[in-house]
Every structure is written in structure tokens, then in C-alpha cells.
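Q: Sequences listed follow chains A and B, in order. Using numbering that gives the first Met the number 0, read the first sequence as starting at 0 and increasing by one per residue. Using numbering that gives the first Met the number 0, read the second sequence as starting at 0 and increasing by one per residue. Below you will find the structure I want to go over with you.
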Amino acid sequence: MNGRTKGFNLLELIKKVVFTDFVKGLSITLGYNVSRSITQRYPDEEKWIPYRRWRGLHYLNRDAEGRELCVACELCSKACPTQCITVVPMEDDSGRGIADRVAKVWKVDLVRCLYCGYCEDACPTRAVRLGREYETACTDLASTVRRREELLVPQALAENIEGGVLVKSRLVRTPEGIKVEPDLRRHKKRSL
Amino acid sequence: MNERDDIIATQGITIHMGPQHPSTHGVLHLVLDLQGEKIVRAEPDIGYLHRGTEKIAENLLYHQFVPYTDRLDYMCAMSNNLAYVQAVEKLLGIEITERAKHIRVIAAELSRIAGHLMAIGAWALDLGAMSILLYAVREREIVLDIFEMLCGARMTLSYLRVGGVRYDFTDGCKEACEKMLEILPGRISEYERILLGNRVWVDRNRGVGVISAEEAINLGLSGPALRASGVKWDIRKDEPYLIYDRFDFDVPVGTNGDCFDRYVIRIEEIKQSMRIIRQALRDLPEGPFNVDMPELVPPPKPDVYNNMENLIHHFKYVSHGFKVPKGEVYSSIEAPKGELGVYIVSDGSEKPYRLKLRVPSFHNLQTVRHMSKGMYLADVVAIISSLDPVFGECDK
Chain A
0 MNGRTKGFNL LELIKKVVFT DFVKGLSITL GYNVSRSITQ RYPDEEKWIP
50 YRRWRGLHYL NRDAEGRELC VACELCSKAC PTQCITVVPM EDDSGRGIAD
100 RVAKVWKVDL VRCLYCGYCE DACPTRAVRL GREYETACTD LASTVRRREE
150 LLVPQALAEN IEGGVLVKSR LVRTPEGIKV EPDLRRHKKR SL
Chain B
0 MNERDDIIAT QGITIHMGPQ HPSTHGVLHL VLDLQGEKIV RAEPDIGYLH
50 RGTEKIAENL LYHQFVPYTD RLDYMCAMSN NLAYVQAVEK LLGIEITERA
100 KHIRVIAAEL SRIAGHLMAI GAWALDLGAM SILLYAVRER EIVLDIFEML
150 CGARMTLSYL RVGGVRYDFT DGCKEACEKM LEILPGRISE YERILLGNRV
200 WVDRNRGVGV ISAEEAINLG LSGPALRASG VKWDIRKDEP YLIYDRFDFD
250 VPVGTNGDCF DRYVIRIEEI KQSMRIIRQA LRDLPEGPFN VDMPELVPPP
300 KPDVYNNMEN LIHHFKYVSH GFKVPKGEVY SSIEAPKGEL GVYIVSDGSE
350 KPYRLKLRVP SFHNLQTVRH MSKGMYLADV VAIISSLDPV FGECDK
């Protein structure tokens with residue numbers, strides 16, 4: 000009995016000395032060492048195109064004739080849980096908007112915004128949408144407030160483009176700073 | 000506090016662990032009284048992330064508060080959404096549709112998987128097994144991709160609404176869930192092989208932070224940590240909400256109540272969540288995903304654009320919200336970290352008169368004092384990680 004216990008302990012000791020338990024775990028880690036990498040090489044080589052429901056940076060829509068869809072009803076600013084949207088209506092019958100009532104000011108404070116998408120749900124004319132732009136990092140507080148003029152410019156990703164893919168991208172130098180320019184022609188699924 | 004009386008006691012010192020310590024899961028501040036390297040007293044000092052969530056709720060319409068609940072336990076936002084909307088629905092006395100119930104179950108279980116993966120990953124990282132964090136986050140990414148497809152956000156989801164859900168559960172989401180169910184079991188057995196094979200990791204958890212069942216109940220511990228102490232208490236089984244009573248799943252229970260048991264319970268719960276998702280996907284019925292009550296859920300967008308009546312409903316909903324009958328209600332769910340309860344007092348208006356959140360991280364954290372008494376300083380890290388507190392939730 001005594002000898003058996005001793006032998007058993009010796010076996011355990013040998014196992015501990017040669018690290019058999021660690022080898023089991025390390026075999027997995029080493030296996031990953033030689034397998035294909037799943038790292039996304041963002042931003043200089045690859046970029047993630049979000050799914051279509053993505054709630055990113057806001058934009059304002061125009062109709063087919065180029066008139067602003069916003070009728071300045073202020074529902075978006077009422078629906079907003081953080082009061083980050085300011086709308087000031089004015090009258091303009093020159094055909095700028097689809098109605099005589101248009102927005103004089105439409106601005107959103109992106110640092111207050113929760114990106115919940117309630118403004119999009121509240122809009123009765125589909126004027127305000129949350130787009131798929133997500134690179135909103137900046138160094139000054141002034142550029143976190145986006146005004147109507149900037150938001151009316153169409154975003155790079157149109158609404159009908161299917162998302163959930165990786166595309167090739169490269170860094171380009173623009174007057175506003177370095178930007179990531181995606182190449183939408185070829186895309187691939189994310190490897191899991 | 001000495002094991003042997005012949006060793007002279009050193010002078011006790013007090014050290015502060017956190018709030019900037021990398022292994023305190025955010026902003027936990029622990030005041031530790033030490034005798035040598037043993038803990039005499041561990042006192043959590045919380046409140047660094049206090050944002051007054053409960054007070055904010057009093058100034059918002061009922062449906063506007065959902066995005067704030069995302070910011071409570073940000074590792075599994077869907078559970079918080081569920082707890083809140085369920086409380087409001089209980090107060091309103093409405094029954095949601097079958098499809099919405101199934102979608103909610105799938106969403107809640109997905110967020111449980113995401114939460115537990117992060118818990119295990121961060122825990123292993125704190126104890127020095129870094130590769131597990133990288134693997135767990137990789138698998139969490141699969142779940143977050145499903146969330147992104149489903150509701151357009153990865154962490155702050157705001158997916159559920161009073162009366163149903165905001166977007167439909169598409170076939171694409173169903174396929175993604177099935178793909179996840181295929182991939183995940185193999186990956187989880189990998190974690191088990193790495194962690195159970197890691198002698199250091201096992202020894203730092205086994206027998207550490209033991210809490211008895213009786214003490215756990217007295218201190219209000221809930222969730223995986225309570226079940227590890229041998230108490231079979233899971234709100235999904237004992238007070239079924241949604242349609243959990245229809246699904247076949249087990250509640251894993253531990254025996255020793257130490258950190259290692261809490262790890263085993265979490266791994267087992269991920270597996271059980273996958274079982275629930277598989278059954279819910281199989282049973283997912285067709286039909287509407289919102290209740291047919293225009294005052295709670297505004298009509299679908301195409302109808303709003305074309306129909307005057309619907310437009311009026313829409314304006315009314317957005318600008319005034321909906322009135323909730325007078326009364327008070329407490330509703331709780333089994334969140335990944337424990338019992339998440341919402342208590343609402345309504346005065347019959349569109350805003351809650353008072354909203355109280357019973358958050359599991361807060362109640363679980365008070366057991367740190369009992370668990371770490373007489374333990375070594377290094378064990379405190381394992382104890383905190385095994386409770387998995389999230390400070391967005393704890394400090395509210």
C-alpha cells in the first residue's frame with residue numbers, strides 16, 4: 000500500500016517536472032501560432048463595412064429632385080433622450096424643402112448623442128438617418144457639433160450597399176487630416 | 000491573523016487597490032488592511048462611475064430610458080433592456096407577441112454568452128493567462144456581429160422597446176446564430192483545455208474565496224456566484240419570465256463555493272444558453288414582433304408616410320409618450336451577473352415617479368469582504384474577477 004502510494008506520487012512528480020499539463024494548453028496556443036491570422040489590419044489595409052442597420056453618424060436626406068426632406072417638425076429633438084439635437088424652423092417657399100417650412104438650423108452634438116436612433120424612428124419624412132460613418136474621432140470640441148450643411152452631404156456608404164464585410168482600404172492625406180479610404184469594389188467575409 | 004503563534008505579528012498596513020489598478024475591472028477601489036500578506040479587512044469603496052441613472056429616469060418618458068439601461072452593465076446590454084421593458088410592461092399589464100418573446104429570449108441568451116465570455120477572459124488575464132482573453136474576445140466578436148446585424152450597434156444595443164422589439168429578427172440573423180452555435184462548443188472546450196491544464200490558474204482558484212450557501216444568501220449574492228455555493232436559484236427556472244418554462248435546460252450548481260466552482264458554472268451556463276438559443280430558433284414563430292397598440296408602438300413607417308391617422312399616432316407617441324397606470328411594480332430577471340430587478344413607482348403620468356434598480360454587481364460586491372478575509376493579497380484579484388462586477392452597473 001505504502002509503495003503504491005509512493006509510486007503514484009513519483010509519477011505525479013515526473014508529470015509536474017516535465018510540465019505535461021502545460022504542454023496540453025500550449026499545444027493549442029502553438030497551433031494558433033501557425034494557423035491563419037484573423038486580425039483585421041485596420042485602418043491601413045482593411046476596413047469593416049457595418050451592417051445596414053448600423054447606427055453611426057447622422058445625415059440628412061434629400062428627395063429625388065434634390066429638395067430637403069426635413070420639414071423642421073422638431074420631433075427628432077423631442078424624441079432625443081439627451082436633447083442633443085437643435086432644430087430652428089423658418090419659412091422658405093423658394094423650393095428648398097418639400098414643404099414651406101424648412102430648418103434654419105439643424106445641428107447635432109455628437110458627444111452628447113447616445114446613437115440610439117430614436118431621431119431616425121421619430122422622423123415623419125425619413126429626413127434624418129443614422130448612417131454607417133463611424134470614424135468620428137477628433138481633437139477639438141468644436142468639430143463634434145455637426146450642422147445641417149455638413150449633414151446634407153451624402154455619406155460615402157450609400158444605404159443600399161450590403162454590409163457586414165471587410166474591404167480593402169488605404170490611408171489618404173486630406174486637408175482635414177488623414178482619412179481611411181475604403182475600396183468597395185472587392186470585399187470578403189470576416190474570418191471567424 | 001497568524002497561522003502559527005510563534006511568528007511575531009508584523010505591523011498592519013493599509014493599502015489602496017484601485018481605482019486605477021488594472022485588475023479591478025474598471026473603477027473599483029478596495030481599501031485593504033494587511034497583516035503581512037494576509038487580508039484582515041477588505042472594504043470596497045464604490046461610486047466613481049456614478050451618473051445618477053435612477054434620477055435621470057424620473058425626467059424621461061418611459062420609452063426614452065431604454066438607451067440609458069444599455070450603459071448599466073455594458074458587457075451584456077440586452078439583459079438590462081429586458082429587465083426595464085419587462086417592468087414597464089408588467090405595470091401596463093400587456094402581453095407581448097409570441098415572436099417577440101422568442102426574439103427576446105434569443106437576444107438575452109446571446110448577451111449572457113457575451114457577458115460570460117468577457118468575464119472568463121478578463122479573469123484569466125488578471126491571473127496571468129493572457130491568451131484566453133484574446134480567444135474569448137474573438138468568440139465574443141461573433142456574438143457582437145449578430146447584435147450588429149440585428150440592431151445596428153455592438154454594445155449599446157437599445158434593441159428592446161416597450162411592447163416588443165425595434166427591428167425584426169431576420170433570416171440572416173438566424174443563420175449567423177446557427178453558425179455561432181456550430182463554432183462555439185469547440186472553442187469552449189479549447190478554453191477548458193488551456194485553463195484546466197494550467198496548474199497555476201487552477202491552484203489560484205481552487206479553495207480561494209469560499210463562501211457558504213447560508214452566508215451567500217444572507218449577503219444577497221445572486222447569479223453564478225450564488226449557484227457555485229450550492230444554492231439552486233435561477234429566476235429563469237424558479238420564477239419563469241418570458242417563455243423560459245418551455246425550454247429544456249439545466250441549472251448548473253457548484254459544491255464548494257470557491258472561485259473555481261464559479262468558473263465551472265460560467266462555462267456550463269454558456270453551454271446551457273446555447274441549448275436555449277437552439278430551441279428558441281427552432282420554435283421561432285412567424286408573425287408580428289410588436290403588440291398591436293398604436294399608443295405603445297407607433298405604426299410602421301410606410302403607414303405613417305401615407306396615412307393621416309397613423310401620422311397623428313406617431314406624433315402623439317414621440318412627443319408625449321404613453322401614460323402608465325398608477326401603481327408600483329417590481330420585476331426581476333436572471334442577468335448574467337445575477338438578479339437584475341427594476342422597481343417602478345408610477346403616478347399615472349408619462350414619466351416614472353421613482354425608479355430603483357436592484358443591480359447584481361452592487362449586491363455581489365459586498366461579499367468581497369467575507370470571501371477575502373484571511374486570504375492572501377494575490378487572491379483578492381481572483382475573488383473580484385470571479386464575482387465579475389461591472390462598474391457601470393454597480394455605481395449606476
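Beta carbons are placed, not taken as given, at the ideal position from N, Cα and C, and that holds for glycine.
Where do the N-terminal and C-terminal ends of the beta strand (DSSP E) with residue 334 (chain B) fall, by residue?
A: Residues 326-334.
Q: Taking the C-alpha atoms as reference points, what is the distance between residue 153 (chain A) and residue 69 (chain B)?
A: Between residue 153 (chain A) and residue 69 (chain B), the C-alpha separation is close to 30 angstroms.
Q: Return the chain-ordered list of same chain residues with a C-beta closer than 7 angstroms to the C-beta of residue 188 (chain A), the five sequence neighbours on each side being excluded.
A: Hits under 7 angstroms: 164.
Q: What first and last residue would you give for the alpha helix (DSSP H) that runs through residue 369 (chain B)?
A: 367-371 is the span of the alpha helix (DSSP H), which, as asked, contains residue 369 (chain B).
Q: Count the other CB atoms within 10 Å of the CB of residue 10 (chain B); is the residue buried (16 or more) or exposed (fewer)?
A: Exposed, because fewer than 16 other Cβ atoms sit within 10 Å of the Cβ of residue 10 (chain B).
Q: Determine the burial state of residue 243 (chain B): buried for a count of at least 16 other Cβ atoms within 10 Å of its Cβ, exposed for fewer.
A: Residue 243 (chain B) is buried by the Cβ-count criterion.
Q: Do residue 59 (chain A) and residue 184 (chain A) come within 8 angstroms of each other at the CB atom, strictly closer than that value?
A: Contact flag unset, no.
Q: For residue 59 (chain B), go through chain A and note every residue whose CB falls closer than 8 angstroms to its CB, in chain order.
A: Here the neighbours are 80.
Q: Taking only three categories from DSSP, how would you classify residue 0 (chain B)?
A: For residue 0 (chain B), the predicted structure reports a pLDDT of 47, less than 50, and the residue's modelled location is therefore unreliable. A value from the coordinates is still provided. Residue state, collapsed to three classes: coil.
Q: Are any of the Cβ atoms in chain A nearer than 8 angstroms to that of residue 318 (chain B)?
A: It does; some Cβ of chain A falls within 8 angstroms.
Q: Counting Cβ pairs closer than 8 angstroms, one from the region 163-173 of chain B and one from the region 286-295 of chain B, do we hit at least three?
A: Contact holds: three or more Cβ-Cβ distances are below 8 angstroms.
Q: Hey, how far is the Cα of residue 383 (chain B) from the Cα of residue 23 (chain B)?
A: Cα to Cα, residue 383 (chain B) sits roughly 7 angstroms from residue 23 (chain B).
Q: Any beta carbon of chain A sitting closer than 8 angstroms to that of residue 155 (chain B)?
A: So yes, residue 155 (chain B) belongs to the interface.
Q: Can you check DSSP and say which residues form a bridge with residue 41 (chain B)?
A: According to DSSP, residue 41 (chain B) bridges with B:31.
Q: Per DSSP, what kind of secondary structure is residue 231 (chain B) in: helix, strand or coil?
A: Looking at residue 231 (chain B) - three-state DSSP - the assignment turns out to be coil, as it is neither helix nor strand.
Q: Near residue 368 (chain B), what residues of its chain come up, given a Cβ to Cβ distance below 8 angstroms and the 5 sequence neighbours on each side ignored?
A: Cβ neighbours of residue 368 (chain B) beyond the five flanking positions: 40, 41, 42, 43.
Q: State yes or no: is the beta carbon of residue 162 (chain B) nearer than 8 angstroms to at least one beta carbon in chain A?
A: Closer than 8 angstroms: no.
Q: Taking residue 136 (chain B) as the query, report the chain D residues whose CB atoms sit under 7 angstroms from its CB, ordered along the chain.
A: In summary, chain D is missing from the structure at hand, where the protein chains are A and B.
Q: From the DSSP output, read off the bridge partner residues of residue 354 (chain B).
A: DSSP, once it has assigned bridges, lists B:343 as partnering residue 354 (chain B).
Q: Sorted by chain position, which residues of the same chain lie with C-beta nearer than 7 angstroms to residue 2 (chain A)'s C-beta, five sequence neighbours on each side aside?
A: Confidence at residue 2 (chain A) is low in this model, with a pLDDT of 41, below 50, so the placement of that residue is unreliable and no value is reported for it.
Q: Applying the criterion that 16 or more other CB atoms from any shown protein chain within 10 Å of the CB defines a buried residue, is residue 171 (chain A) buried or exposed?
A: Counting Cβ neighbours within 10 Å, residue 171 (chain A) comes out exposed, since fewer than 16 surround it.
Q: Can a CB atom of chain B be found closer than 8 angstroms to the CB of residue 46 (chain A)?
A: No, no contact with chain B.
Q: So, using beta-carbon positions, are residue 336 (chain B) and residue 359 (chain B) closer together than 8 angstroms?
A: Yes, the Cβ-Cβ distance between residue 336 (chain B) and residue 359 (chain B) is below 8 angstroms.
Q: Output needed in chain order: residues of the region 137-150 of chain B with a Cβ under 9 angstroms from some Cβ in chain A.
A: Correct list: 137, 138, 140, 141, 144, 147, 148, 149, 150.
Q: How about the region 88-108 of chain A and the region 7-22 of chain A: do they share at least three Cβ pairs that are nearer than 8 angstroms?
A: Segments in contact, no.
Q: Among B:283, B:25, B:207, which residue has its Cα nearest to the Cα of residue 376 (chain B)?
A: Looking at the Cα atoms, B:207 is the closest of the given residues.
Q: Near residue 106 (chain A), what residues of its chain come up, given a Cβ to Cβ distance below 6 angstroms and the 5 sequence neighbours on each side ignored?
A: For residue 106 (chain A), where only same-chain residues beyond five positions count, the Cβ hits under 6 angstroms are 85, 144, 146.
Q: Beta carbon of residue 102 (chain B), beta carbon of residue 146 (chain B): below 8 angstroms?
A: Against a cut-off of 8 angstroms, the Cβ pair of residue 146 (chain B) and residue 102 (chain B) comes out as no contact.
Q: Taking only the alpha-carbon atoms, compute the straight-line gap between residue 278 (chain B) and residue 188 (chain B) and give it to the nearest angstrom.
A: Spanning the two alpha carbons is a distance of roughly 22 angstroms.
Q: I believe residue 138 (chain B) touches residue 186 (chain B) by the beta-carbon criterion, under 8 angstroms. Please report the beta-carbon distance rounded to the nearest angstrom.
A: The Cβ separation is near 5 angstroms, so the contact holds.
Q: Using C-beta distances below 6 angstroms, list every residue in its chain close to residue 215 (chain B), excluding the 5 sequence neighbours before and after it, in chain order.
A: The answer, listed in chain order, is 225, 228.
Q: For residue 37 (chain A), does the count of other Cβ atoms within 10 angstroms reach 16, so buried, or fall short, so exposed?
A: Exposed, because fewer than 16 other Cβ atoms sit within 10 Å of the Cβ of residue 37 (chain A).
Q: Counting only Cβ-Cβ distances shorter than 9 angstroms, please list the residues of the region 63-74 of chain B near chain A, keeping chain order.
A: Within the region 63-74 of chain B, the residues whose Cβ lies closer than 9 angstroms to some Cβ of chain A are 63, 64, 65, 66, 67, 69, 70, listed in chain order.
Q: With respect to the beta strand (DSSP E) encompassing residue 302 (chain B), which residues constitute its N-terminal and C-terminal limits?
A: Premise fails: residue 302 (chain B) lies in the alpha helix (DSSP H), 300-305, not in any beta strand (DSSP E).
Q: What whole-angstrom Cβ distance do residue 340 (chain B) and residue 329 (chain B) have, given they're in contact under 8 angstroms?
A: Going by Cβ atoms, the distance from residue 340 (chain B) to residue 329 (chain B) rounds to 6 angstroms, so yes, they are a contact pair.
Q: Less than 8 angstroms between CB atoms is the rule here; does residue 310 (chain B) satisfy it with respect to chain A?
A: Judged by the 8 angstroms Cβ criterion, residue 310 (chain B) is in contact with chain A.
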